[in-house]
Amino acid sequence: MTDTFKLVTDTLLVPAGLETSDIDRLMGRLLSQDIDYADLYFQYSRQEGWALEDGAVKSGSRSTDQGVGLRAVSGEKTGFAYSDEFVLPALAQAADAARAIAKSGGTTSPVQWRNAKSPPLYTPADPLSSLSDQDKVELLQAVEVQARACDPRVSQVMASLAAVHDVVLVARSDGQMTADVRPLVRLNVTVIVEQNGRREQGSYGGGGRFGYAWLREEDRAGSYAREAVRQALVNLEAVDSPAGTMTVVLGPGWPGILLHEAIGHGLEGDFNRKGTSAFSGRIGEQVASPECTVVDNGTIADRRGSLTVDDEGTPSQNTVLIENGVLKGYMQDTLNARLTGTASTGNGRRESYAHLPMPRMTNTYMLAGSHDPGEITASVDQGLYAVNFSGGQVDITSGKFVFSASEAYRIEKGKIGAPVKGATLIGNGPDVLTRVAMVGNDLELDSGVGTCGKEGQSVPVGVGQPTLRIDGLTVGGVEV
Amino acid sequence: MSKKSQAMDSDSTGVALDDAPLAEAVQAALAEASRQGASAAEAAASLGQGLSVNVRMGEVETVEHTRDRGLVVSVYFGQCTGSASTSDYAPAAVREAVLAACSIARYTQEDSCHGLADPERLATDAVDLDLDLYHPWRPSVDEARDLALVCEDKALSADARIDNSEGASVDAHEGCEVYGNTHGFIGYTRKSRQGISCSVIGTENGAMQRDYWYSAARRFGELDSAAEVGEQAAARTLRRLGSRRIPTCQVPVIYEAPVASSLLSHFIGAVSGGALYRKATFLLDHLGKQIFPEFVRIHEQPLLIGAMGSSSFDNEGVATAPRDIVSDGVLRSYVLGSYSARRLGMETTGNAGGVHNLTIDSGEQDLEALIKGIEKGLLVTELIGFGVNTVTGDYSRGVSGLWIENGEIVHPVEEVTVAGNLKDIFSNIVAVANDVDPRRNIRCGSIRVDGLTIAGE
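Encoded structure:
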């Protein structure tokens, strides 16, 4: 097994001439005031992106970013500074800025370091070098060829390939030192189809925490191209969406964005500590129908939203949020866990060394129920069947959330009917799952494309669910 | 809102930004690209620093010191291109970035539209133009904290129903950037941005609502006072208490100025080069056509002194100039950079990187007059979600706002959507009020649109 620690220190510390004794010195500096907790977050990140359009890969870019985030916490106060220079004077200056949050007079007993190791959930190999540049270009070109081969109405194909190689080291004031090497790749395909002057688009993609080779296995890249074209062609036939409150059946997989928006954000520990979430103080209450069990699980191997350890060095967990309809727990980072007398659930995440960690989701999904998906759609007299979505948003405090369909159909007398144009669905988080009438037995996770934004920070996440029937969701169409 | 002077402008204690290392890094990157055999290259280096202090419930919550650097370089080998970026200006890191860009250019495919901006369009005469965008304010942590405390306290004490807070923040930021290319162009910019913001929560009958307000300007002295920001945040939260749903209907809608700018963003997205050459827009081939009612004029004012979106050259060094994009409701010009312009057989409009102080001219009426003119309708104050399709113009977004009856606001509304097609939305603009929101790059007042569908109960 590769020694992650050696790999990480070789990448982060050795080239800068930094040693563990330097981390001691910086931590000592952070703790020289009345500080409850402090951490240093060393990060080295390489990214690349390749883009195809008009049948050719016309642009590519590569970036390197590295830095150290220094955080000092005193009570509810957090001082934070960072430096992109891996040199001791710059780091010491950042430590002084961060610790100024607290009054002077702390203890300075030296920290005893211990290396915390968790079994890695993904390979530490650098995904950027997992394929030759020529092969990356050819992979994108093959996507274009496959998309165009699907249908003559395809007028434009845009495809992009991206990879991140992220190397982090977290040193905490309690002496825990944790290393993680995180790969991430993603392939996206968007097509535009044209028929009698009408244009529509379709998009699909996938990825996860592994090298590029995964995209070439089992014809995945080709299947993304075909799926994007299929969605676009469906939309060519779409009619105006109905407007108003009706029964909605959500397909399995990516429509789990419902859970992410409607309840996931509302169960993040920071909002609940502050009492600003519509879910605040509701642990133990029935917030969903008894068929619903929802988890946030960061421990699934290779998934886009998974983490061996979070950005505070806590191993990720499978946290039950809602069990048989009852609210069980929140997602916590160390700060909010400490302030609420609970334990971190391994949900402390940050976009980079230049951002403060906060409670964030990993892979959030609902467990399978008992109903056959065909039985679920057949049970609806009039309604909407929505299977693909473009994105969503929530107002934590009022609980109101939206998510926008990119592929949806009318349901008439139990049968799936005409496709309708993308409509936004809107609902109330604390109440939407109480309206879940049926849960399918077809749990699926999404294909690995989700990115979640919170307070300006983006992190990769996953969602999933089985087919769901929700009685009474508002569909934001135009046809009254 | 009034612009009270706060006599702390341009407090220039603290470390000034030095752009000499940026210029050196740019020159080094261009020289290295030439050594590697690139036929052309361009590079931009930036440096930013700032302080952000957030208080919540009367106590400091976070103090963040920011300092960011970046260098982006693009190289051209004939008609093939590659780019790379780094956060390090050390000679070895710059060289590594150039080599990475060159390596990518070996694998990308030819496109005759690639390349630097045409030399005669570069802002050679305008690089020294002083647009008065740099007024650094470097408060101490205590100073920033005290302002944030005043702001939040004003909001929390405004009404007994305001019972919680997401906090108030004071932000001070300054940055400089150097752009250069192998046509010999080099341009320097310096900008500052200060802000005060506040977000509070109110409760009525057990239901919580949150809203926020902020002030932002290049100059600290142009900010609204901390107290005014707090009062406004409280007032906006209070007016949402007691929100309810409304039945599905078709009524006139007013987009309040802070959210009305989103309609202009959608418009710009639809007439931008990338969407046009990909044929991914509902406004394809609409140049010279009527898109808005005759009274609508939409134009760029890139050279406004001290404004949030001002710039004398774009991201490729092309000189900007005031111009109409829409006049008499007719689309007069697209929004293009050099690459998309060449793809379309046109000339760049100086919009590589976006528009500059996009402005929709206001009518005589204020927001109150727009409200007075509506028998039944909705004033939209917040939009959520991303239900906008630029290819088709289909539009469906979640909103909250205030219900209007007989020219008066009667109650707040939530959990409804507003839907239509952007083409219809644009042609059904009835009025643009004079309550222009100056905080952003898009300058517009409240906009009334008829014919939209509201989906609710």
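So the sequence lines, in the order shown, correspond to chains G and B.
The numbering used here puts the first residue of the first sequence at 23, with every later residue one more than the last.
The numbering used here puts the first residue of the second sequence at 4, with every later residue one more than the last.
For every residue, glycine included, the Cβ atom is placed at its ideal position computed from N, Cα and C.
- Residue nearest to B:A210 within the set G:L343, G:L378, G:R248 and G:S302 is G:S302 (criterion: CA-CA distance).
- Under the 8 Å criterion on CB atoms, B:A238 is classed as non-interfacial with respect to chain G.
- Within the region 369 to 389 of chain B, I387, G388 and F389 place their CB atoms closer than 7 Å to a CB of chain G, listed in sequence order.
- Contacts with chain G at 8 Å (Cβ-Cβ) do not include B:S172.
- The distance from the Cβ of G:I418 to that of G:F293 is about 5 Å, consistent with a contact at the 8 Å cut-off.
- Here G:T446 is actually not in contact with B:G332; their C-beta atoms are around 28 Å apart, not less than 8 Å.
- Boundaries of the alpha helix (DSSP H) around B:P94: P94 to A108.
- Interface flag for B:A458 against chain G is set, since a Cβ pair is found closer than 8 Å.
- Counted as a single uninterrupted DSSP element, the beta strand (DSSP E) harbouring G:M460 occupies residues V458 to V461.
- Contact note: G:Q404 does not reach chain B at a C-beta cutoff of 7 Å; the least C-beta distance is about 15 Å.
- Interface with chain B (8 Å Cβ-Cβ cutoff): G:L289 is excluded.
- B:I450 is outside the set of residues whose beta carbon lies under 8 Å from a beta carbon in chain G.
- Contact annotation for G:E345 against chain B: no contact, minimum CB-CB distance about 25 Å [criterion: below 7 Å].
- Counting C-beta atoms within 10 angstroms of its own C-beta, B:V66 has 16 or more neighbours from the protein chains shown and is therefore classed as buried.
- Under the Cβ criterion of 8 Å, G:D58 is not counted among the residues facing chain B.
- The beta carbons of G:V348 and G:G391 sit no closer together than 8 Å.
- Taking 8 Å as the cut-off, the Cβ atoms of G:G286 and G:G320 do not count as close.
- Taken in chain order, the whole beta strand (DSSP E) runs of length 3 or more contained in the region 223 to 310 of chain B are 256 to 258 and 301 to 303.
- Interface criterion met: the Cβ of G:F102 is under 8 Å from a Cβ in chain B.
- B:H359 sits in coil when the DSSP states are folded into three classes, being neither helix nor strand.
- A contact is defined here as three or more CB-CB pairs under 8 Å, and the region 58 to 72 of chain B fails this definition with respect to the region 51 to 68 of chain G.
- Ranked by how close their Cα comes to the Cα of B:D174, the residues B:V413, B:S55, B:S90 and B:D114 have B:S55 in first place.
- Considering only beta carbons, the part of the region 414 to 434 of chain B lying closer than 9 Å to chain G consists of E417, E418, V419, T420, V421, A422, G423 and N424, in chain order.
- Under the three-state reduction of DSSP, B:Y342 is assigned to helix.
- In the DSSP annotation of this structure, the continuous segment of the alpha helix (DSSP H) that includes G:W236 starts and ends at A235 to R238.
- Sixteen is the threshold: when 16 or more other Cβ atoms of the shown chains lie within 10 Å of the Cβ of G:N257, as they do, the residue is buried.
- The beta carbons of G:A260 and G:P381 sit no closer together than 8 Å.
- In chain order, N167 make up the part of chain B whose C-beta sits under 7 Å from the C-beta of G:G297.
- Per DSSP, G:G244 is one residue of the alpha helix (DSSP H) stretching across R242 to L258.
- Assigned with DSSP and collapsed to three states, B:D121 falls in coil, not helix or strand.
- Within its own chain, the residues whose Cβ lies closer than 7 Å to the Cβ of B:V419, once the five positions on either side in sequence are excluded, are R248, I249, V402, I457, A458 and G459, listed in chain order.
- With respect to the 8 Å criterion, B:A104 and B:V76 are classified as neighbours on the basis of their beta carbons.
- In its chain, beyond the 5 residues on either side, L62, A103, A116, A117 and A120 have a beta carbon closer than 6 Å to the beta carbon of G:L92.
- Separation of the CB atoms of G:N385 and G:G486 is rounded to 7 Å, and the pair is thereby assigned contact status at 8 Å.
- Taking a Cβ-Cβ threshold of 9 Å, the residues of chain G close to B:G85 are S81, G82, S83 and R84, in chain order.
- Taking 8 Å as the threshold, the shortest C-beta distance from G:V176 to chain B does not fall below it.
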